[in-house]
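Beneath this line is the structure, given in structure tokens, with notes to follow.
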Ligand SMILES: *Cc1c(COP(=O)(O)O)cnc(C)c1O
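Now the structure itself:
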């Protein structure tokens with residue numbers, strides 16, 4: 471039987487010590503205790519065996535936590551990778567307001583309890599032009615709150631072409647049913663007219679609901695009822711019209727080189743009563759669901775006791791506030807990461823790519839399609855550039871990149887691993903180059 475090495479020697483080994491900064495000494499020691507216990511029991515106490523077993527165990531522990539990842543997929547709002555990266559201003563606001571106490575629900579002037587929602591509503595109204603607005607946990611929660619407030623035991627009219635599943639199992643028909651509303655489908659899969667909605671109106675109608683077809687498109691022989699016509703119909707009938715916009719663009723993306731996406735302001739100026747959208751899609755902020763629209767409708771939502779269960783925490787409000795400040799300043803392209811990515815020119819990407827090509831033998835520059843993602847502009851490509859790694863087993867290469875610290879998530883196309891430069895932050899270039907340079911070729 472080999473002599474078991476001293477624990478302090480194992481802990482001092484470079485391979486093990488690297489984990490101490492991330493996991494803490496106590497966690498590393500506990501893992502080491504277990505590995506030493508097994509080594510004593512099995513009699514295999516070789517230094518390297520212990521180190522390898524310990525690092526494997528620590529690696530697993532580390533992977534159980536949320537990790538920062540480098541997104542080389544070219545999909546800007548990648549739901550699996552956390553959607554929008556936050557702006558420096560948003561992060562600073564989170565740090566500042568979460569480290570200590572804040573006036574989250576405190577009116578400093580009156581010296582008494584204040585509203586959690588008033589301040590963020592103020593800036594949201596200013597940026598969107600809405601009469602009033604409200605923030606909840608995510609857009610799905612916003613839709614749920616609206617249905618629960620207005621449609622319990624009543625009818626909601628929805629076009630058949632919009633009976634969507636958003637993803638994560640959130641299906642409009644099922645959510646309607648769960649909130650105690652009755653779905654009234656109108657039109658056909660491909661065509662719906664204003665008259666279809668009109669004919670379906672009844673004294674039981676609570677809402678007209680339209681949903682952004684975020685993740686699919688029906689092409690060909692199609693017809694939709696215009697939002698402005700629906701809004702007028704709702705007005706005449708005294709029925710609120712809701713638009714679940716999803717991605718929530720607050721500016722015209724065409725100004726930043728992407729295809730135009732319907733904005734919150736457009737929906738509001740079409741006369742939609744309540745617009746719902748996410749905070750972490752095209753707004754570029756934290757996960758949140760925002761309802762913006764007519765004040766008498768938002769007031770009804772505020773009065774729903776269910777709001778308490780959907781309420782956002784201070785970190786979300788801080789990040790959202792910090793993000794919306796950037797909209798006030800107008801400096802989106804400089805300060806909001808997603809707009810930096812959307813707006814990067816091919817010239818800028820090409821200049822960065824040169825560093826990759828210089829460092830990685832046999833890497834090539836190829837044209838690539840980036841996407842906004844997150845349900846927005848599902849099929850509209852943004853011309854991009856990618857570094858194609860030398861041809862070898864692409865799955866193996868991609869798996870190695872995912873094991874990097876930090877992990878790099880790449881795309882595979884035509885059996886090659888592509889690193890799309892549009893979603894890699896320029897500050898991350900050196901990390902990615904280092905990871906690829908160290909590959910055996
Ligand atoms: C993404 C999306 C949602 C869900 O938003 P979450 O903030 O993820 O809850 C709802 N509706 C539409 C149309 C969407 O695109």
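Residue numbers (our numbering): 471 to 911.
The beta carbon of each residue, even a glycine, is placed where N, CA and C say it ideally should be.
Predicted model, so just to flag it, every value in this text is computed and none were measured.
{"Query": "Could you tell me the distance, in whole angstroms, from the CA atom of residue 831 to the CA atom of residue 823?", "Result": "13 Å"}
{"Query": "Let's test the definition: count the other Cβ atoms within 10 Å of the Cβ of residue 578 and tell me whether it reaches 16, buried, or not, exposed.", "Result": "exposed"}
{"Query": "Could you compute how far the alpha carbon of residue 623 sits from the alpha carbon of residue 581?", "Result": "42 Å"}
{"Query": "With a 10 Å radius around its C-beta and 16 neighbouring C-beta atoms as the bar for buried, classify residue 522 as buried or exposed.", "Result": "exposed"}
{"Query": "Taking the alpha-carbon positions, what's the residue 798 to residue 611 distance?", "Result": "26 Å"}
{"Query": "Is it true that the CB of residue 542 sits closer than 8 Å to the CB of residue 851?", "Result": "no"}
{"Query": "DSSP beta-bridge partners for residue 840?", "Result": "852"}
{"Query": "What did DSSP end up calling residue 478 once you bin it into helix, strand or coil?", "Result": "helix"}
{"Query": "List the whole-angstrom C-beta distance separating residue 867 from residue 859, where the pair is believed to meet the contact cut-off of C-beta under 8 Å.", "Result": "6 Å"}
{"Query": "Quick one: is residue 779 buried, meaning 16 or more other Cβ sit within 10 Å of its Cβ, or exposed?", "Result": "exposed"}
{"Query": "Just list the beta strand (DSSP E) runs in the region 719 to 792, keeping only unbroken ones of 3 residues or longer that don't cross its boundaries, in chain order.", "Result": "744 to 748, 759 to 763"}
{"Query": "For residue 786 versus residue 560, is the C-beta distance shorter than 8 Å?", "Result": "no"}
{"Query": "Give me the Cα-Cα distance between residue 772 and residue 789, rounded to the nearest whole angstrom.", "Result": "22 Å"}
{"Query": "Can at least three beta-carbon pairs, one atom from the region 803 to 820 and one from the region 646 to 665, be found at a separation below 8 Å?", "Result": "no"}
{"Query": "Can you check the region 684 to 716 for any alpha helix (DSSP H) of at least 4 residues that lies completely inside it and give the ranges in chain order?", "Result": "697 to 707"}
{"Query": "In the structure shown, what three-state DSSP assignment does residue 882 receive?", "Result": "strand"}
{"Query": "Out of curiosity, what's the CA-to-CA distance linking residue 618 and residue 675?", "Result": "14 Å"}
{"Query": "Here's the rule: buried if 16 or more other CB atoms are within 10 angstroms of the residue's CB, otherwise exposed. What is residue 810?", "Result": "buried"}
{"Query": "If you draw a straight line from the alpha carbon of residue 524 to that of residue 895, how long is it in whole angstroms?", "Result": "33 Å"}
{"Query": "In terms of residue numbering, what span does the alpha helix (DSSP H) encompassing residue 645 cover?", "Result": "642 to 648"}
{"Query": "Among the candidates 646, 702, 642, whose CA atom is the shortest distance from the CA of residue 664?", "Result": "702"}
{"Query": "Quick one: is residue 632 buried, meaning 16 or more other Cβ sit within 10 Å of its Cβ, or exposed?", "Result": "buried"}
{"Query": "Can you check whether the CB of residue 554 is closer than 8 Å to the CB of residue 755?", "Result": "yes"}
{"Query": "Leaving out five residues on either side along the sequence, give the residues of the same chain with a beta carbon under 7 Å from the beta carbon of residue 646.", "Result": "617, 626, 653"}
{"Query": "How far does the beta strand (DSSP E) with residue 603 in it reach, from first residue to last?", "Result": "602 to 606"}
{"Query": "Using 8 Å as the threshold, is the C-beta distance between residue 497 and residue 877 below it?", "Result": "no"}
{"Query": "Give the list of continuous beta strand (DSSP E) stretches no shorter than 3 residues that lie fully inside the region 572 to 620.", "Result": "602 to 606"}
{"Query": "Considering Cα atoms alone, identify which of 713, 670, 742, 502 is closest to residue 613.", "Result": "713"}
{"Query": "Does any heavy atom of ligand 1 sit closer than 7 Å to the C-beta of residue 698?", "Result": "no"}
{"Query": "How is the alpha helix (DSSP H) around residue 501 delimited, first residue to last?", "Result": "495 to 512"}
{"Query": "Counting only the same chain and skipping the five closest in sequence on each side, list residues whose C-beta sits under 6 Å from that of residue 679.", "Result": "626, 628, 712"}
{"Query": "CA-CA distance, residue 576 and residue 743?", "Result": "30 Å"}
{"Query": "Any heavy atom of ligand 1 closer than 7 Å to the CB of residue 716?", "Result": "yes"}
{"Query": "Return the residue from the list 750, 892, 837 that minimises the CA-CA distance to residue 552.", "Result": "750"}
{"Query": "Below 7 Å CB to CB, which residues in the same chain sit around residue 774 once its five sequence neighbours on both sides are set aside?", "Result": "615, 618, 619"}
{"Query": "Less than 8 Å between the beta carbons of residue 603 and residue 721, yes or no?", "Result": "no"}
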